[in-house]
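A quick write-up on the structure given underneath.
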Amino acid sequence: MDLASTYTVFFNTDAPDHHDSSLHLCTNNGGENNENCLPIYWENLSVHAMIKKDRWLRSSITTRKLLLNKVEGYIPPCSLVAIMGPSGAGKSTLMAALANKLPAQIELEGRAKIGSLSVRNFESHNFGYMYQHDLFCGSLTVKEHLHFMAKLKLDRRTTDKNLKARVSAVIEELGLGQCENTRIGAGGENGKTTLSGGERKIVSFATELLTDPSFLFCDEPTTGLDSYSAQKVIKVMQRLVSDERKTVVCIIHQPSTELLNAFNQLILVADGRIAYSGPPNKAISFFESVGYRCPDNYNSADFIMKILSDSNESVNTVCDEFAASKHAEIVKNAITNEIYFDTSSLSVLRNHLSPFWPVKLYHLTGRYFLEKIRNPTIDIHRFLQKVGIAIMVGLCYLGTVQQTQVGIQSVQGVFFMLITENFFTPMYSVMNQLPTQLPLFRREYTSGLYDAPTFYIANILSFIPTLIIEPTVYTTIVYCMAGMQTDLYGYFLTVIITILVMAVSTSCGYMFNNIFGSLSLALTFVQPFDNVIMILSGIFVNLRSVPWFLHWIVKISWFELGFEALTILHWQNVTYIACSEDPDVPCLMDGSEVLDKYEFKVANLMPHIYTMIWLYIGFHAVSFVCFVTRARLNKLS
45 MDLASTYTVF FNTDAPDHHD SSLHLCTNNG GENNENCLPI YWENLSVHAM IKKDRWLRSS
105 ITTRKLLLNK VEGYIPPCSL VAIMGPSGAG KSTLMAALAN KLPAQIELEG RAKIGSLSVR
165 NFESHNFGYM YQHDLFCGSL TVKEHLHFMA KLKLDRRTTD KNLKARVSAV IEELGLGQCE
225 NTRIGAGGEN GKTTLSGGER KIVSFATELL TDPSFLFCDE PTTGLDSYSA QKVIKVMQRL
285 VSDERKTVVC IIHQPSTELL NAFNQLILVA DGRIAYSGPP NKAISFFESV GYRCPDNYNS
345 ADFIMKILSD SNESVNTVCD EFAASKHAEI VKNAITNEIY FDTSSLSVLR NHLSPFWPVK
405 LYHLTGRYFL EKIRNPTIDI HRFLQKVGIA IMVGLCYLGT VQQTQVGIQS VQGVFFMLIT
465 ENFFTPMYSV MNQLPTQLPL FRREYTSGLY DAPTFYIANI LSFIPTLIIE PTVYTTIVYC
525 MAGMQTDLYG YFLTVIITIL VMAVSTSCGY MFNNIFGSLS LALTFVQPFD NVIMILSGIF
585 VNLRSVPWFL HWIVKISWFE LGFEALTILH WQNVTYIACS EDPDVPCLMD GSEVLDKYEF
645 KVANLMPHIY TMIWLYIGFH AVSFVCFVTR ARLNKLS
């Protein structure tokens, strides 16, 4: 048969009950096949979750949990389909299997096809997948968000003119013109959102429609919406089916009877089995035929959910009765006809070229910068805190830095405070910040928007301004108020050293976060690590007395590297230090004697700076590998 032929199955919604339902076949042998109008079907589909249980000092145990049990189903071309079922029934698993979204630790048996092509032949741009919870970068406007998504989703051969036209067309098509310049907002952004729940759902639709996918899968698109907003969302989906010739599959939770009847087909899932598949307005008559009568004036969806949430006995009864019903026969015949006539069209597998990696990195980094500019509250608070601490430290050392024996302690105290403030605070700040970015990353990563390396590098690049501004401001205030060296060389090198200390601390924070994958666990291990690094800085213990097996820690202690570099920088050219009048007080005559006291060597200045640069790169390299590995194994928490 010609590939242009279509063989479409329609369910007769006028049949009096499920025993009299008939199969209507409509064959179009001469018409042009719309690549969007392809049926979805699956048979003998079983899905198992591989659950790994770790055991202390013993090998782990992997068990298989059955999620779907040899289910069959058929979705006619260009249909609006609702999937319903109680929690844990397998409805999300079924939709994920049809959309080729199952995670790596899930095993799939049987087959799920679109036309005659396996769903595994389709890539992310062929499907639109709308998740239950909307996640956005809330500081962007609707139009900016869609432009950003278009830059990363559309084919790289798309011109800027066509890209803008596509965004404008989607905005107009979904009626977002009135709010296109309104910020999306996000839950938790000062507890406010700038778009209503319904508008946010429409923006989610718009995001998925940018690539003009043939199939749209929606996970509970009406959950949490009022009846008006829910109706608005359903009308958008109906328009996509009727006007755009798309297939829309939704998981629906407790809809009204009116809302349920807006769908062309209803699929009920219970305990990993299909309990019903057919027209929504025939579901109640099917349940009545198997002994479950819906009371008058009772919401049909609530009644169905009540039956499917009851005992396993009632669920098994319904599923067994459906398997022997005319509705199940219709499904089997539809699948058989689809296999026989082969309605697939290879044109649905469009040749899509993803944007180049630098382009994705550029736009993702730009979004981070825009978010910081539009939500500066946290950065401003941190900046003001830094200034306040710098002023207090400066006041403590005001007029105490002198070329005297007493002044030596003050100078070293200033260096200790310069290192400490840029050592601890940035590390813990980064460790607390990264987990807040993971939910949006996981969503966009699983959608194929960009890969883990792109996210990681963009995250680092967006932090560079903070990495430069904060230590520079803090160091400048303390440096001037304490009355340190006045030459520009000494000042600029001091700033560079404090910037490097902060840079290594942030990279260490990244590393601990990504090694352990849990903030609480990372904090448990990083605190004793920090204490050891600080103790072995040469301030609290003479480096000559450090046990040999701890020498390697001294080599990587950027607290020690920074403190020693600042000490060398200040004292290397000091030729005279006034002694105390008390002859019993030890006297250090010049800067070289101060350095000898701490076991510091002038030749170590530049090597220590280079070592901190390598530590920054090394910590990030370890962190990068751990992050990318966890992302690919879906183990980011």
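Under the working numbering, the very last position in the sequence shown is 681; numbers go up by exactly one each time. Glycine included, every Cβ here is placed at the ideal spot set by N, Cα and C.
| Check | Outcome |
| --- | --- |
| Label tyrosine 660 either buried or exposed according to how many other C-beta atoms from any shown protein chain fall within 10 Å of its C-beta, with 16 as the threshold for buried. | buried |
| According to DSSP, which residues form a beta bridge with threonine 448? | Ala622 |
| Around the C-beta of arginine 227, are 16 or more other C-beta atoms found within 10 angstroms, so that it is buried, or is it exposed? | buried |
| Can you give me the C-alpha to C-alpha distance between leucine 405 and proline 324, rounded to a whole angstrom? | 46 angstroms |
| Which value, in whole angstroms, describes the spacing of the CA atoms of valine 548 and glutamine 176? | 39 angstroms |
| For the segment 109-123 against the segment 287-302, do three or more pairs of beta-carbon atoms, one drawn from each stretch, fall closer than 8 angstroms, so that the two count as touching? | yes |
| So serine 295 is in the alpha helix (DSSP H); what residue range does that whole segment cover? | The sequence given here has isoleucine at residue 295, not serine. Not the alpha helix (DSSP H): isoleucine 295 falls in the beta strand (DSSP E), residues 291-295. |
| Buried or exposed for cysteine 524, please, with buried defined as at least 16 other CB atoms from any protein chain shown within 10 angstroms of its CB. | exposed |
| Count the other C-beta atoms from every protein chain shown that fall within 10 angstroms of the C-beta of tyrosine 554, then say buried if there are 16 or more, exposed otherwise. | buried |
| Give me the Cβ distance between valine 458 and valine 522, rounded to the nearest whole Å; I'm assuming they're in contact under 8 angstroms. | 6 angstroms |
| By how many angstroms is the C-alpha of tyrosine 620 removed from the C-alpha of alanine 647? | 20 angstroms |
| Using 8 angstroms for Cβ pairs, my map puts glutamate 442 next to alanine 526. What's the rounded Cβ distance? | A small fix is needed here, since residue 442 is leucine in this sequence, not glutamate. Correct: roughly 7 angstroms between the Cβ atoms. |
| If contacts are defined as beta-carbon pairs under 8 angstroms, then aspartate 315 and alanine 133 qualify, I think. What distance do you get, rounded to the angstrom? | 6 angstroms |
| Under the rule that 16 or more other beta-carbon atoms within 10 Å means buried, what is proline 130, buried or exposed? | buried |
| By DSSP, does serine 123 sit in helix, in strand, or in coil? | coil |
| Taking the alpha helix (DSSP H) that serine 212 belongs to, which residues open and close that run? | 204-217 |
| What does the Cβ neighbour count give for glycine 8, buried or exposed, with the cut at 16 atoms within 10 Å? | Residue 8 lies beyond the stretch modelled for the chain, which goes from 45 to 681, so this question has no answer here. |
| What residues in its chain sit with their C-beta under 7 angstroms from that of proline 479, if we drop five residues either side in the sequence? | Leu563 |
| Mind checking if leucine 111 is an interface residue toward chain C, Cβ cutoff 9 angstroms exclusive? | Checking the listed chains, one finds no chain C in this structure; it contains a single protein chain. |
| Please state whether DSSP places glycine 432 in a helix, a strand or coil. | helix |
| Could you spell out where the alpha helix (DSSP H) holding serine 300 opens and where it closes? | Run containing serine 300: none; DSSP gives neither H nor E here. |
| What number of angstroms, rounded off, separates the C-alpha of proline 258 from the C-alpha of phenylalanine 171? | Sequence check: residue 258 is serine here, not proline. Their Cα atoms are separated by approximately 6 angstroms. |
| With burial defined as no fewer than 16 other Cβ atoms inside 10 Å of the residue's Cβ, what is the status of asparagine 234: buried or exposed? | Here the model assigns asparagine 234 a pLDDT of 48, short of 50, so the residue's position is not dependable, and the following value carries that caveat. Flag for asparagine 234 reads exposed. |
| How big is the Cα-Cα spacing for leucine 220 and proline 483? | 26 angstroms |
| For glutamine 453, name the three-state secondary structure that DSSP assigns. | helix |
| Only counting runs of 3 or more residues, tell me where the beta strand (DSSP E) segments fall wholly within the segment 524-578, in order along the chain. | none |
| Straight-line CA distance for serine 551 to leucine 142? | 41 angstroms |
| Can you tell which of Arg418, Thr203, Val618 has its C-alpha closest to the C-alpha of threonine 448? | Val618 |
| Measuring CA to CA, which of Cys181, Ile95, Glu116 is closest to lysine 109? | Ile95 |
| Apart from the five residues just before and just after glutamate 224, which ones in its own chain have a Cβ nearer than 6 angstroms to its Cβ? | Val186, Lys187, Ile215 |
| Using the rule of at least 16 other Cβ atoms within 10 Å of the residue's Cβ for burial, across every protein chain shown, is glycine 582 buried or exposed? | buried |
| In three-state terms, what does DSSP make of tyrosine 642? | coil |
| Say whether the segment 259-278 touches the segment 294-306, bearing in mind that this needs 3 or more beta-carbon pairs closer than 8 angstroms, one atom from each stretch. | yes |
| Which of helix, strand or coil does DSSP assign to valine 247? | helix |
| Do you know whose CA, among Arg588, Asn586, Tyr654, Leu408, lies nearest phenylalanine 507's CA? | Leu408 |
| Spell out a yes or no on whether the segment 633-640 and the segment 586-605 are touching, meaning 3 or more CB-CB pairs, one atom from each, closer than 8 angstroms. | no |
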